[in-house]
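Here this note's numbering is used: the first residue of the sequence shown is 26, the next is one more, and so on.
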Amino acid sequence: MQRFDYRDILGGLLLIVLGLFFALYGTAEYPIGELRRMGPGFFPVALGYVLAALGLLILLPALRPSNDPIEPFAVRVFVTVLAAIAAFALAVPRLGMVPATMLLTVISAFAEFRVRPVRTAILAVGLSLLAVLIFTWGLGVPVPAFRWEF
């Protein structure tokens, strides 16, 4: 029996609606500027359109009927990823970008059934380095790489 993947259809539609809402709201409320001199609305509007495009990429394949069984909702994965995001949000102001990113990566690794410590450590170091390079040095976001306040 062929069926549609209603979770992907709903998720794709939700991403499209949210992306377009934020893009249109940013366009209406903030000056966009231009590529050489970006205004405060440029980044949110661009991210809104990217989010809508990703929603479209999720929606289109889900509209094709399939015989593949739909996997059940993985509560463990959902809770683990939410816990990792919460830990990151709490750790950044107290510990800095590098320890918070490493914490995020390690907690997220437990979403898999078989945790691979070496791969997780390499990924944590690489993501921490990328986060510092992109956000702290590249974009000038005032988040220190290390901070030890409790």
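Every residue gets a Cβ at the ideal spot worked out from N, C-alpha and C, and that includes glycine.
How about residue i: is its Cβ closer than 8 angstroms to a heavy atom in the ligand FAD?
i    : result
M127 : With respect to the ligand FAD, the structure offers nothing, as it holds no ligand at all.
Just to confirm my understanding: we take residue i, look at its own chain, exclude 5 residues before and 5 after, and list those with CB closer than 8 angstroms. What are they?
i   : result
V75 : G44
V47 : One point to set straight first is that residue 47 is Phe, not Val, in the sequence displayed. Taken in chain order, the residues that qualify are P69, V70, L72, G73 and L76.
E54 : G66
By alpha-carbon positions, which one of the options ends up nearest to residue i?
i    : options                 : result
V157 : A146, L82 and P169      : P169
L82  : F138, I34 and R141      : I34
V131 : G80, T105 and G66       : T105
T161 : L115, L85, M122 and E59 : M122
G80  : G163, F138 and L40      : L40
F96  : G165, G163 and R32      : The sequence as given places Glu at residue 96; Phe does not occur at that position. Measuring from the Cα of E96, the nearest candidate turns out to be R32.
V42  : L84, I147, V100 and A99 : L84
Output needed for residue i: all residues of its chain with C-beta closer than 6 angstroms, excluding positions within five of it in sequence on either side, in chain order.
i    : result
M127 : A149 and S153
F138 : none
Taking DSSP's pairing of strands, which residues face residue i in a bridge?
i   : result
R28 : S91
G58 : M63
If residue i sits next to residue j, beta carbons under 8 angstroms apart, how far is it from one beta carbon to the other, in whole angstroms?
i    : j    : result
A134 : T145 : 4 angstroms
R28  : P69  : About 37 angstroms; that fails the 8 angstroms criterion.
R61  : L120 : No, R61 and L120 are not in contact; Cβ-Cβ is about 36 angstroms, not under 8 angstroms.
A87  : G37  : 6 angstroms
Got a sec? Which residues, its chain only, sit under 7 angstroms from residue i by beta carbon, not counting five neighbours each side?
i    : result
V183 : Absent from the model: residue 183. The displayed extent of the chain is 26 to 175, so no value can be given.
P56  : G64, P65 and G66
G58  : G64 and F67
So, is residue i buried or exposed, given that buried needs 16 or more other C-beta atoms within 10 angstroms?
i    : result
V143 : exposed
V117 : buried
L129 : buried
M63  : exposed
A125 : buried
A114 : exposed
G51  : buried
A99  : exposed
A109 : buried
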